[in-house]
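Residues 56 to 603 in the numbering used here are what the sequence shown spells out, letter by letter.
Input: a single structure, listed below in structure tokens.
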Amino acid sequence: MFPGLTHAGAMAPLRVDPALLGQRSIVSPAATAGGALAPAMSVRPEISDGRTTVRAQNIRGLRSVEVIAEGQAEIVREDDFKLTAERLSYNELTDEVRVEGDVRLEQGEDVITSERGRLVVYEQTGEFVSPEYAFTVKSVSEETGAERTIVGRGDASMLRFEGENQYVLENATWTTCKPESSDWYIKAGEISLDYDTQVGVAKSTSLVFKGVPLLYWPSMSFPLGDQRKSGLLVPTVAVSESTGFDLAVPYYFNIAPNYDATLVPRVMSKRGLQLGAEMRYLGDNYEGQTRLEWLANDKLTGESRGLASIQHRHNFTDRLRASLNFNGVTDDEYFEDLSSTLQVSSRRNLLREGRIDYHGGWWNASALAQSYQTLSDDVDSPYKRMPQLTLNARRADLPGGLEVGFESEYVHFQHRDDSFNQGKRMSAYPHLALNIRRPGWYIKPKIGAHYTRYDLDDPLNPGGPTSITRSLPIFSLDAGMYFDRESSLFGRDTQQTLEPRLYYVRIPYEDQDDIPRFDTARYDFGFAQIFSENRYSGIDRIGDADQI
56 MFPGLTHAGA MAPLRVDPAL LGQRSIVSPA ATAGGALAPA MSVRPEISDG
106 RTTVRAQNIR GLRSVEVIAE GQAEIVREDD FKLTAERLSY NELTDEVRVE
156 GDVRLEQGED VITSERGRLV VYEQTGEFVS PEYAFTVKSV SEETGAERTI
206 VGRGDASMLR FEGENQYVLE NATWTTCKPE SSDWYIKAGE ISLDYDTQVG
256 VAKSTSLVFK GVPLLYWPSM SFPLGDQRKS GLLVPTVAVS ESTGFDLAVP
306 YYFNIAPNYD ATLVPRVMSK RGLQLGAEMR YLGDNYEGQT RLEWLANDKL
356 TGESRGLASI QHRHNFTDRL RASLNFNGVT DDEYFEDLSS TLQVSSRRNL
406 LREGRIDYHG GWWNASALAQ SYQTLSDDVD SPYKRMPQLT LNARRADLPG
456 GLEVGFESEY VHFQHRDDSF NQGKRMSAYP HLALNIRRPG WYIKPKIGAH
506 YTRYDLDDPL NPGGPTSITR SLPIFSLDAG MYFDRESSLF GRDTQQTLEP
556 RLYYVRIPYE DQDDIPRFDT ARYDFGFAQI FSENRYSGID RIGDADQI
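Here it is in structure tokens:
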């Protein structure tokens with residue numbers, strides 16, 4: 056409303072820009088109490104009390120009663136309120152404005168368009184006929200803390216204003232999809248939007264995908280921002296030869312700020328009813344999630360089928376950490392029969408591992424137990440590591456640029472296929488380097504000795520050795536220079552940098568044909584591989600080299 060106006064009829068003096076006098080008709084403070092009009096004006100006039108302004112090509116009316124604005128009319132307030140139309144009338148006594156013809160209301164980033172309507176400006180009550188709307192919420196994610204912009208859009212037969220930040224939509228649609236991809240939306244007999252609590256409530260609701268109603272629900276609530284809220288999530292609908300008609304309707308439980316759960320009942324016409332659940336939790340020093348699925352009686356196989364997936368990470372101290380990752384299914388065809396995506400249905404090895412890590416500053420140690428559930432006899436299963444123990448150390452802060460390091464490992468490789476080599480591998484790699492750095496250049500010679508021992512359950516070749524050792528000296532030299540100069544490119548100041556680098560490696564040749572390949576493969580050619588000592592990943596093979 057115009058600040059200064061009261062419903063008793065008192066009014067702060069309206070102001071007319073003196074430059075507008077002598078042009079089109081307008082309510083003027085110089086007009087008589089009977090409503091005499093000022094002389095005609097030739098530019099777009101306006102009236103204002105300093106905080107609220109009405110503009111139009113033509114403004115007329117009776118002082119203290121009603122102002123009528125026609126031709127690109129608008130009423131603007133200081134608080135980011137702007138209402139435009141071809142014609143508007145403003146009643147100062149009731150603070151009510153009526154609009155018609157290309158109506159557009161902008162409040163902050165919210166936009167509502169209509170053909171006609173009315174609004175009590177200060178109280179924010181009234182209605183718009185056949186509106187289209189876009190409401191914007193700046194929401195902070197409870198999980199990441201990042202700010203996100205969420206825009207809810209749609210249209211209705213009627214929009215009722217019921218106070219500040221309160222709206223009721225009749226025969227309405229609602230979606231937060233982007234305009235170019237509005238595949239999913241809800242259609243409801245009534246939708247109530249409360250932007251104070253950021254909660255919407257829809258009644259007589261249908262969930263629509265690409266114009267096809269998929270699900271009816273008498274009443275449902277949904278968040279308007281990014282906050283978590285218990286309630287139904289978007290269902291998934293599919294049809295396949297394996298499951299038939301497939302409908303999953305997730306329900307989300309917001310248990311606590313650091314706990315939540317999702318229950319997923321899934322109906323498959325060919326398979327039956329499957330129940331799924333996902334639980335997530337987050338503590339001061341731990342986090343994790345658990346996913347379970349259970350199909351009590353598969354109509355096609357007659358068997359009970361299920362899935363379990365558990366991930367947990369725990370920080371006992373700043374130095375000591377542990378993690379668990381377990382995945383399993385009841386049968387090899389589970390993903391192929393019951394998954395809805397190719398990425399999941401093509402999974403063949405399910406990871407199962409427990410790990411403990413200790414970081415001691417300049418040294419660290421770890422213990423790992425790792426295996427896999429392989430879902431097909433035709434697929435190579437990775438080796439189990441039962442267990443793997445590592446101890447590594449590095450000190451680069453010694454006097455004179457001296458750097459020492461140590462890498463060691465013990466691992467017991469096991470495999471489900473007896474035709475694969477199995478056994479234990481121990482390795483140690485102490486090394487010493489001199490790190491010389493000066494402004495503009497550096498040089499780093501490094502020397503070390505790599506020792507590896509294998510104790511095999513069965514030899515790689517019949518009659519071959521079961522115990523194998525390998526000792527290789529390794530020398531490398533890494534050197535480089537930095538050249539910088541100020542330059543210009545297309546009239547803009549730039550800094551040009553040239554960094555030549557030389558890397559030399561010397562490793563003698565040794566026959567390694569008797570050594571099995573547990574976890575080793577050749578690196579793809581690339582920048583990182585050029586400047587590495589070994590052209591293989593893993594340590595079952597150490598490539599001989601005498602090259603720059």
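No residue lacks a Cβ here, since even glycine has one placed at the ideal position from N, Cα and C.
Given the structure is predicted, the values throughout are model-derived calculations rather than measurements.
Here Pro437 carries a coil assignment [DSSP, helix/strand/coil].
For Asp339, no beta strand (DSSP E) run applies, since DSSP gives it neither H nor E. DSSP links Ile603 through a beta bridge to no other residue. Excluding sequence positions up to five before and after Asp301, its CB lies within less than 6 Å of the CB of Ala293, Met323, all in the same chain and listed in chain order. Spatial neighbours of Pro273 in its own chain (CB-CB distance under 8 Å, excluding positions within 5 residues in sequence) are listed in chain order as Lys258, Ser259, Thr260.
Contact between Gly126 and Ala140 does not hold, since their C-beta atoms are separated by about 10 Å, which reaches or exceeds 8 Å. A straight-line Cα-Cα distance of about 15 Å links Thr231 and Val166. The Cβ-Cβ distance between Val256 and Ile241 does not fall below 9 Å. Judged by their CB atoms, Arg171 and Arg153 are nearer to each other than the 9 Å cut-off. Here Asp301 carries a strand assignment [DSSP, helix/strand/coil]. According to DSSP, Arg403 shares a beta bridge with no other residue.
Within the region 200-263, complete beta strand (DSSP E) segments of at least 3 residues are found at 202-210, 213-217, 221-229, 239-249, given in chain order.
According to DSSP, residue pairing for Gly116 in a beta bridge involves Val122. Note that the C-beta distance between Asp601 and Arg561 is below 9 Å. Taking C-beta atoms as the reference points, Arg440 and Phe468 count as a pair closer than 9 Å. CA-CA distance, Tyr145 to Gly116, rounds to 9 Å.
Considering only Leu423, Asp432, Gly361, Gln329, the residue with the shortest C-alpha distance to Pro442 is Leu423. Residue state for Ala583 is assigned as helix, using DSSP reduced to three classes. Counting every other CB atom within 10 Å of its CB across the protein chains shown gives Gln329 a total of 16 or more, marking it as buried.
Judged by DSSP secondary structure, Asp533 falls within the beta strand (DSSP E) whose first and last residues are 522-536. Put simply, of Ile114, Glu121, Gln477, Ile102 the residue whose alpha carbon is nearest the alpha carbon of Arg132 is Ile102. In the DSSP assignment, Tyr389 falls within the alpha helix (DSSP H) that extends over 389-393.
Contact check for Pro278 against Val304 fails: the beta carbons are separated by 9 Å or more. Our two residues, Arg450 and Arg596, have alpha carbons roughly 27 Å apart in a direct line. Beta-bridge partners of Ile365 (DSSP): Thr345, Phe381. Shown here for Gly456: same chain residues with a beta carbon closer than 8 Å to its own, the five before and five after excluded, namely Leu489, Asn490, Ile491, Arg492 in chain order. In this structure Ile570 does not touch Ala534 by the C-beta definition: roughly 33 Å separates them, more than the 8 Å allowed.
Between Arg376 and Ile411, the gap from beta carbon to beta carbon is short of 9 Å. Sequence-distant partners of Ile310 (beyond 5 residues in either direction) whose C-beta falls short of 8 Å from its own C-beta, in its chain, are Ala316.
Contact annotation, Gly286 with Tyr307: C-beta distance approximately 6 Å; criterion of less than 8 Å satisfied. When secondary structure is reduced to three states using DSSP, Pro571 falls in the coil class, being assigned neither helix nor strand. Secondary structure of Gly503 (DSSP, three-state): strand.
In this structure Ala128 is in contact with Leu143, their Cβ atoms being roughly 5 Å apart against a cut-off of 8 Å. In the structure shown, Gly286 falls within a strand segment according to DSSP collapsed to helix, strand and coil. In this structure Arg215 is in contact with Val223, their Cβ atoms being roughly 4 Å apart against a cut-off of 8 Å.
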